[in-house]
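> One structure follows; several queries about it will come next.
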Amino acid sequence: MSGARWRSRWAIATSFLLPTLCICSCLAASREAFAADAPQTGSAASAEELFQQARVLVEKGRYDEACPKLEESHRLEPAVGTQFNLADCYEHLGRAASAHATFLKVAAIARAAGKFEREKSANERARALEPRLAKLHLVVKASAPGLELRLDDAPLAREDWQTPLPVDPGSHRVTAAAPDHRTFETTIVAKESTTLDLDVPPLVDTRPAVTIPTTPAPSSPQRTLALVTGGVGVVAVGVGTVFGILALSHHSNAESACASDMYQFRCPTENGASEWNAARTAGNLSTAGFIAGGVLLAGAAVLWFTAPRAHTRVGASASGIVAAGTF
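In mature numbering (1 follows the signal peptide of the UniProt record, and there is no 0), the protein residues as written are -35 to -1, 1 to 292.
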């Protein structure tokens, strides 16, 4: 083959190969700018297509449509470039907390890959969002075993319970649940650049109360005797009262029928003498009744208050402390 013919064929070949190589180089550069450091997968084509569709929507300012496509692209093929664009999309939608968290993830991945310029850019974007963050501060007063807190159905790590959490502006549902306890649920509304405090109260125990079987307490002989003695004392006081009334009645009749001096009646009639004698007898019986009743009641009180006290047993139940005792 002559040199002229060989050069002619080489020129023709290079005229086709050079543009092709340039196009491939540009595509590779574009993917490097926006694709993940992870290896390609079978879903790479779908991920790239979704990514390009999202970029077109972003250019038109249709961020509400672009963000879901970027999310799906990143799900199919995780890529740090896609993630960066997703964070930017969140920021334009006003989802400052989501954008902040995503920028920080990008910075961490870039730092691990040694791409420090990208790390710096992501950290700067995250810091710029911090003054705008809405935050939720949970004040957890519940302490039931197995307690779990959720924010919009996503479980919260225990170390986040007492730390102000960045959240996107708008409504959020907070739930606290534990086995055998009533679930606490509430909805809060977060506002940009504001920290909202939320008390999570103790959860109500739904387990039935434990009933401790009890047997009738054995009677105390001393207290039984005290009750009997007290009863007799009350009767004696009653007898003393009755005879006291009779004594007053007979004494009144004797005053009408008999002359009297300071100490006794002088009764000229048998009826008067009888009333006088009846008054003295009733008065003596009344005095005896009151004395006996007082003594018996005092004795009953002593017997009652010196009787052995109850022996109390204390045990735990589902709803607290249960006490049971016998005398």
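Think of the CB as a built atom: it goes at the ideal place given N, C-alpha and C, for glycine as much as any other residue.
Every value quoted in this text rests on a predicted model; they were computed, and no experiment measured them.
(1) Roughly how many angstroms separate the alpha carbons of residue 60 and residue 155, rounded to a whole number?
(2) Decide if residue 274 is buried, meaning its Cβ has at least 16 other Cβ atoms within 10 Å, or exposed.
(3) Using only the alpha-carbon positions, how far apart do residue 57 and residue 136 sit?
(4) Do you know offhand how far residue 19's Cα is from residue 38's?
(5) If we require 3 or more residues per run, which beta strand (DSSP E) segments fall completely within the region 132 to 217?
(6) By the DSSP assignment, the alpha helix (DSSP H) with residue 76 in it spans what residues?
(7) Can you tell me which residues form a DSSP beta bridge with residue 114?
(8) Looking only at its chain, what residues have a beta carbon closer than 7 Å to the beta carbon of residue 254, apart from the 5 residues adjacent to it on each side?
(9) Taking just the CA atoms, how far does residue 243 sit from residue 259?
(10) CB-CB under 6 Å to residue 272, same chain, minus the five flanking residues each way: which ones, in chain order?
(11) Rounded to whole angstroms, how far is the Cβ of residue 146 from the Cβ of residue 170, which I believe are closer than 8 Å?
(12) Starting from the Cα of residue 211, find the closest Cα among 246, 196, 161 and give me that residue.
(13) Could you spell out where the alpha helix (DSSP H) holding residue 34 opens and where it closes?
(14) Assuming residue 23 and residue 31 make a contact with CB atoms under 8 Å, what is their CB distance in whole Å?
(15) Since residue 10 is in the alpha helix (DSSP H), which residue starts that stretch and which ends it?
(16) Could you give the residue range of the alpha helix (DSSP H) that holds residue 100?
(17) Could you tell me how far apart the beta carbons of residue 269 and residue 142 are, in whole angstroms, since I believe they sit closer than 8 Å?
(18) Are the beta-carbon atoms of residue 167 and residue 108 separated by less than 8 Å?
(19) Going by the DSSP bridge assignment, what does residue 119 pair with across the sheet?
(20) On the CB-based measure, 16 or more other CB atoms within 10 Å of its CB, does residue 164 come out buried or exposed?
Result, derived from the coordinates:
(1) Here the question's residue 60 lines up with position 95 in the sequence shown. Here the question's residue 155 lines up with position 190 in the sequence shown. Looking at the two C-alpha atoms, the distance is approximately 11 Å.
(2) Here residue 274 refers to the residue found at position 309 when the sequence shown is read from its first residue. Burial call: exposed.
(3) The residue given as residue 57 occupies position 92 in the sequence shown. The residue given as residue 136 occupies position 171 in the sequence shown. Distance between the alpha carbons of residue 57 and residue 136 is about 19 Å.
(4) Here residue 19 corresponds to residue number 54 of the sequence shown, with the count starting at 1. Here residue 38 corresponds to residue number 73 of the sequence shown, with the count starting at 1. Taking the straight line joining both Cα atoms gives about 9 Å.
(5) Along the region 132 to 217, the beta strand (DSSP E) occurs as fully enclosed runs of 3 or more residues at 135 to 142, 149 to 155, 160 to 165, listed in sequence order.
(6) Indexing the sequence shown from 1 puts residue 76 at position 111. Where residue 76 is concerned, the enclosing alpha helix (DSSP H) stretches over 61 to 77.
(7) Residue 114 sits at position 149 when you count from the first residue of the sequence shown. 141, per the DSSP bridge assignment.
(8) As a working mapping, residue 254 is identified with position 289 in the sequence shown. These residues qualify, in order along the chain: 201, 202, 204, 205, 208.
(9) On the sequence shown, residue 259 is found 294 positions in, with the first residue counted as 1. On the sequence shown, residue 243 is found 278 positions in, with the first residue counted as 1. Rounded to the nearest angstrom, the two C-alpha atoms are 24 Å apart.
(10) The residue given as residue 272 occupies position 307 in the sequence shown. Sequence-distant Cβ neighbours of residue 272 in its own chain, meaning closer than 6 Å and more than five residues away, are 185, 187, 188.
(11) Along the sequence shown, read from residue 1 onward, the residue named residue 146 stands at position 181. Along the sequence shown, read from residue 1 onward, the residue named residue 170 stands at position 205. Going by Cβ atoms, the distance from residue 146 to residue 170 rounds to 6 Å, so yes, they are a contact pair.
(12) Translated into the one-based positions of the sequence shown, residue 211 becomes position 246. Among 246, 196, 161, the Cα nearest to that of residue 211 is on 246.
(13) Locating residue 34 in the sequence shown gives position 69, where the first residue counts as 1. 28 to 41 is the extent of the alpha helix (DSSP H) around residue 34.
(14) As a working mapping, residue 23 is identified with position 58 in the sequence shown. As a working mapping, residue 31 is identified with position 66 in the sequence shown. Correct: roughly 5 Å between the Cβ atoms.
(15) Position 45 of the sequence shown, counted from the start, is the residue given in the question as residue 10. From DSSP, the alpha helix (DSSP H) with residue 10 extends over 9 to 24.
(16) Locating residue 100 in the sequence shown gives position 135, where the first residue counts as 1. Taken as a continuous stretch (DSSP letters only), residue 100 belongs to no alpha helix (DSSP H), being part of the beta strand (DSSP E) at 99 to 105.
(17) In the sequence shown, the residue the question calls residue 269 occupies position 304. In the sequence shown, the residue the question calls residue 142 occupies position 177. The Cβ separation is near 53 Å, so there is no contact.
(18) In the sequence shown, residue 167 corresponds to position 202, counting from 1. In the sequence shown, residue 108 corresponds to position 143, counting from 1. Taking 8 Å as the Cβ cut-off, residue 167 and residue 108 qualify as a contacting pair.
(19) Numbered from 1 along the sequence shown, position 154 holds the residue referred to as residue 119. Per DSSP, 116.
(20) As a working note, residue 164 is residue 199 in the sequence shown. Residue 164 comes out exposed.
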